[in-house]
Amino acid sequence: LYNTVSCCLHIDVSVLQSFSNNATHNWEEIGEVDEDYAPIHTYQVCRVMEQNQNNWLHTNWILTEGAQRVFIELKFTLRDCNSLPGGVGTCKETFNMYYYETDGDRALKESRYIKIDTIAADESFTELDLGDRVMKLNTEVRDLGPLTHKGVYLAFQDLGACIALVSVRVFYKRCPFLVKSLAEFPDTIPGSEASQLVEVVGHCVNNSLPLYEPPRMHCSTEGEWLVPIGKCVCQPGFEEINGSCQVCKVGFYRSLLESLACSKCPPHSVARQTGATACSCEDGYYKIDSDPPNMACTRPPSAPRNAISNVNETSVFLEWSVPMEMGGRKDVRYNILCRQVLPDGRGLEECGPNVRFLPRRVGLSNTSVMVADLQSHTNYSFLLEAVNGVSELAKDHAKQYVSLNVTTNQAAPSPVSVVRKGHTDKSNIALSWAEPDRPNGIILEYEIKYFEKEQDSSYTIIKSKETEMVVEGLKCDIFGYVAFQVRARTSAGYGAFSRRFEFQTSPYFTAFTCAQKQYCDMAFIPMCLCVPSLRRCGYSKAKQDPEEEKMHFHNGHIKFPGVRTYIDPLTYEDPNQAVHEFAQEIDVSFISIERIIGAGEFGEVCSGPLRLPGKREIQVAIKTLKAGYTEQQRRDFLWEASIMGQFNHPNIIRLEGVVTKSKPVMIITEYMENGSLDTFLKKNDGQFTVIQLVGMLRGIASGMRYLSDMGYVHRDLAARNILVNSNLVCKVSDFGLSRVLEDDPEAAYTTRGGKIPIRWTAPEAIAYRKFTSASDVWSYGIVMWEVMSYGERPYWEMSNQDVIKAVEESYRLPGPMDCPEALYHLMMDCWQRERSNRPKFDEIVCLLDKLIRNPSSLKKLVNSSHRYEFTPQNNNVSKTSQSYVKSFILKKIYFENLLILMLKPNTNIYVFGFKQ
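Basically the numbering used here = 1-based index in the sequence shown + 942.
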């Protein structure tokens, strides 16, 4: 008799045998019929009237069929001893069950059996029950194991009960055949222990494969499948439907065992047969090995868009927008092809190895690159190509470029890198040097600066047209050390000075002091030429070759032939003479005013085209002098043109000319599309890369270096006075202000063009009206801070008096958010209290060039723990809120013993720099 979880072992009840010591005292076999008249057999014994009963009944040999644990079900009736008549000798209400294991069928004695259990009845019957023909049937189940032989005998011992054994059923449990998760598991017999689980490895069926590991299940002693591990899944090209693997249809595929169903081919791919494990790309579309199967086939991108160039002397900053069509991929990179236009239209050749691309030429992930070390006054063609992961596969795909043609500006030569010492004696040194690596034009002359080793603030400058000379009449320190620096000049101006080269003359040297030291700052320099109107010695003259240029005076200013020096228009008796000497008169008919773009103190600022005969039309800015002006106002208005007309540099606003012979009087300058730098930055907050911002700062520093070399002090350098054109080139402007310090500390300066806030001005200029290039360097540091903070107001809402007091107490502006540490260090150098410790503009340009060539140096940001600023836990605090809290803190630090801050929740405030 079989079912899903158990199997009965066959027992022929008809051959149950009785045995005992007394053959007459045995179990009796009774043949009866059930309610369906089917014959049934029972074994009965009821010798309760007799003493010392020991009646045995045993089964035939039962094959266990490999089962290690079997179950025995007994059905029986038992009479209540109390219902028996009196005089009972022995009456029991239990009987015993025994077993014996053996590998063969053989007769056994009861002494060989092992007891299983004593069986008691839950319910017994009485004489009344017999009259009513009610049979109270008991059922008891016992398990037997572990079994180790082929078969077993069962035996039943009666010791004096009135009992009828109706049924003996011996069976074992099994886990039936099962198909689950595309795996089949065979019939399995459990283990011998009650808690033991038998592990069974399944077999994958119907075009399926194991997922990660073969499927397994565990068979319990109760015949149940438990703890499934692993499973089978349909192999690639098939999907599971209703428990079986069905082949993928045309247009569908399945490649991964993890996916359950067939997927439709991704865009631009197709599966033309059933059972596809992958889809093939359409013509013109591609995939690389690392692309996932469900990714669409892709193609190379289109060309970059909106490419623009920003030329800064011999460097070009290229910037572009991402392609219109990315090809369906995100791994777009950019390559740059640089080609130089050969003279006389002889074609193009690739740029040489000396041209540098920052950060690199190929594989760019950003949409900008700096190209440095180009030749000056040279035409270049740049091809910008966008590529992605499948560009190499598209051999027949025509490459798409965007082309940019640029012409480099004139540029000063690079620094002289080598200076050698020749013959020396106690007061003479022979020097020689190599040409700069990049002359950027014809070298017109060299300028040699020398000074005592520790006295670099006092120096002598001489000139030579050759790469060697003898410097005579040296007076050095007691050790005979002199430091030399050399720079070259072309038509574009001077390059930066070389690094210091220190040489020793004779050790037997005594110092010489300038006899007229009271008129100058320089000491230990022979033939000291001192001019009372100058702040330091002019160019002194050591013994030179006849070919070397000599200095002369022009309107009271020392000048060298071929070297431009700024001349103050106020030195002219007639200001109109200065205007016409430095500015070109333009006929008003060549100018068209199209629109008003602003307003100034003297009148409106307009824009329109300028059409000079023989030249192309250009867009210009037009400053007009309003009607009803006085002669003094006219002079003041044209004074700026007299200054601006002396300058010619790519980072100085260019004067096109003036209109003085008709009304209104006009000043015509180049048109700067993006207006003032501070407004432009505020409108584009956070929109530029650090390299772009450094490029702007480099342009401003380059213009200021030029002004410094010309001997001009700007006095009003601020972001509002820097103009920006469409290529992001920054140019210094606003040269028309006279600056007089007022007694009112809040007003600071009154100017003809308006007020100059105190927060841009160096402390010595505020206190002593001492304006120098060093004070311009202080202002440049403030401009750097404005640029890196995208036009935020320096010192926020502090009053001018608080600013003066804070700066005097050594407070300096904190580093702007996300400001590179290298730039902030340069700002702090510009804000040195001692002006002699501040860097020169040529040193600033050199440093910025190094940063641009090495963008990784800009990655380290300012450590916020070194700032005077608050650090909000909420990073979304607006800049206005930050400015207010910063201002509030700075005002409170002047209380000696009291600091009161009213803060919002979750706000941290850090205040540094208190005196003890």
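Quick reminder that beta carbons are idealized off the backbone N, C-alpha and C, glycines included.
Here the structure is a predicted model, which is why all the values come from computation and not from measurement.
Would residue i be called buried (16 or more neighbouring beta carbons within 10 Å of its own) or exposed?
i: M1770; result: exposed
i: N1593; result: buried
i: D1882; result: Look at the range of the chain in this structure, 943 to 1858, and you will see that residue 1882 is not part of it.
i: T1566; result: buried
i: R1537; result: exposed
i: P1027; result: exposed
i: L1260; result: buried
i: R1558; result: exposed
i: K1834; result: Because the pLDDT at K1834 is just 37, under 50, the model does not fix this residue reliably, and the point stays unresolved.
i: V1600; result: buried
i: L1202; result: exposed
i: S1778; result: exposed
i: P1555; result: exposed
i: N1024; result: exposed
i: M1740; result: buried
i: S1406; result: buried
i: F1445; result: buried
i: P883; result: Residue 883 lies beyond the range of the chain shown here (943 to 1858); nothing can be said about it.
i: V1083; result: exposed
i: A1569; result: exposed
i: L1755; result: buried
Using the C-alpha atoms, what's the distance from residue j back to residue i?
i: P1736; j: A1520; result: 36 angstroms
i: G1172; j: L1199; result: 13 angstroms
i: I1786; j: S1604; result: 44 angstroms
i: I1420; j: M1759; result: With a pLDDT of only 49 at I1420, under the threshold of 50, the placement of this residue in the model should not be trusted, and no figure is reported.
i: N1277; j: Y1710; result: 55 angstroms
i: K1092; j: T1044; result: 7 angstroms
i: S1650; j: F1783; result: 8 angstroms
i: R1640; j: G1757; result: 19 angstroms
i: V1311; j: I1633; result: 9 angstroms
i: T1703; j: D1233; result: 59 angstroms
i: D1402; j: P1246; result: Reading off the sequence, residue 1402 comes out as Thr, not Asp. The alpha-carbon atoms of T1402 and P1246 are separated by roughly 53 angstroms.
i: A1106; j: G1008; result: 31 angstroms
i: L1373; j: Y1392; result: 12 angstroms
i: S1251; j: V1413; result: 45 angstroms
i: R1158; j: S1134; result: 20 angstroms
i: L1316; j: G1217; result: 60 angstroms
i: C1221; j: Q1215; result: 10 angstroms
i: M1268; j: S1333; result: 11 angstroms
i: C1174; j: L1326; result: 52 angstroms
i: Q1815; j: V1729; result: At Q1815 the pLDDT is 33, less than 50, meaning the model places this residue with poor confidence; the figure from the coordinates comes in the next sentence. C-alpha separation (whole angstroms): 25 angstroms.
i: Y985; j: S1066; result: 17 angstroms
i: A1103; j: R989; result: 7 angstroms
i: A1707; j: S1369; result: 39 angstroms
i: F1180; j: T1219; result: 9 angstroms
i: Y1436; j: N1321; result: 23 angstroms
i: H1365; j: I1404; result: 19 angstroms
Verify whether the separation of the beta carbon atoms of residue i and residue j is less than 8 angstroms.
i: K1115; j: E1164; result: yes
i: C1187; j: S1150; result: yes
i: P1762; j: L1789; result: no
i: G1550; j: S1534; result: yes
i: N1616; j: V1666; result: yes
i: T1032; j: A1062; result: no
i: I1609; j: E1582; result: yes
i: I1004; j: V1112; result: yes
i: Y1042; j: I1056; result: yes
i: G1226; j: A1213; result: no
Would you grab the beta carbon distance between residue i and residue j for me? Rounded to a whole angstrom, and I think it's under 8 angstroms.
i: L1124; j: E1182; result: 7 angstroms
i: R1298; j: R1795; result: 7 angstroms
i: I921; j: P1355; result: Since the first residue shown for the chain is 943 and the last is 1858, residue 921 is missing from the structure and cannot be characterised.
i: P1235; j: S1197; result: 4 angstroms
If we cut at 8 angstroms on Cβ distances, does residue i have a partner in chain B?
i: T1402; result: Although the question refers to chain B, the structure presented lacks it and comprises just one protein chain.
Item to check | Cβ contact (3+ pairs, closer than 8 angstroms) linking the stretch 1420 to 1434 and the stretch 1371 to 1381 | outcome: yes
Next on the checklist: I'd like to know if the stretch 1020 to 1028 and the stretch 1090 to 1099 are in contact, where contact means that at least 3 CB-CB pairs between them fall below 8 angstroms.
Outcome noted: no
Checklist entry - Using 8 angstroms as the threshold, is the stretch 1662 to 1673 in touch with the stretch 1329 to 1346, meaning 3 or more CB pairs across them? => result no
Item to check | Cβ pair count under 8 angstroms reaching 3, the stretch 1283 to 1290 against the stretch 1233 to 1243 | outcome: no
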